[in-house]
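Colleague: Using the working numbering, you'd call the opening residue of the sequence shown number 792 and step up by one each time. This is the structure I want to talk about, given as structure tokens.
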Amino acid sequence: WARASLLMTVVGVFAISLVTPLVSQRIFDKWFSFIYPLILFPIPLSTAVLFVVIHRSLAKLPVRLANDNPSGAGVPFSATVGVFLLAFGGLGYSLFPWLVVDRITIWQGTSSTESLWVILIGTVIVLPVIVGYTIYTYRVFWGKSESLSY
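Right, here's the structure in full:
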């Protein structure tokens, strides 16, 4: 299933990369004006290299695992993380500072200062409770589970 989803991912990343500059003249200029293509070229190049790494490692992985050799088993996952970081980084670069392309900036989309203070105070109170409860739960149930055997 990984190889089939790899093909769909390549098509999806390529389609988004192709369409995003066409959405707005500002985004097109951001990617293709003056020296920026040379500076930003490593993003699509690295993404393509990572896709090749994923494809090659997925081809070799079944043989390695059949021979009881798990080396390289983390390569497809690590390369996939790299692809998605590069894709989201490129998308973030394209859209920043707009939440809605050429309509609403991140500063226009924020809440009022008073609302943000309420959220901060709530987070300061609730987050330690969640972390404490999680730690307590792990300590209570630590070592109490067993391997499944049928």
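Cβ atoms here follow ideal geometry from the backbone N, Cα and C, with glycine treated the same way.
(1) Rounded to whole angstroms, what is the Cα-Cα separation between H746 and V874?
(2) Would you list, in sequence order, the uninterrupted alpha helix (DSSP H) runs of no fewer than 4 residues that lie entirely inside the region 832-883?
(3) Roughly how many angstroms lie between the CA atoms of D859 and T914, to the nearest whole one?
(4) Helix, strand or coil: which one does DSSP assign to W822?
(5) If you measure between the beta carbons of W822 and L831, is that distance less than 9 Å?
(6) So L907 is in the alpha helix (DSSP H); what residue range does that whole segment cover?
Modeller: Reading off the structure:
(1) With the chain covering 792 to 941 only, the question about residue 746 has no answer from this structure.
(2) 833-857
(3) Your numbering for residue 859 matches position 68 in the sequence shown. Your numbering for residue 914 matches position 123 in the sequence shown. About 47 Å.
(4) Within the sequence shown, residue 822 is the residue found at index 31, counting from 1. Reduced to three states, the DSSP call for W822 is helix.
(5) The count along the sequence shown starts at 1 and reaches residue 822 at position 31. The count along the sequence shown starts at 1 and reaches residue 831 at position 40. Closer than 9 Å, so yes.
(6) Looking up residue 907 in the sequence shown gives position 116. Unbroken alpha helix (DSSP H) run through L907: 904-932.
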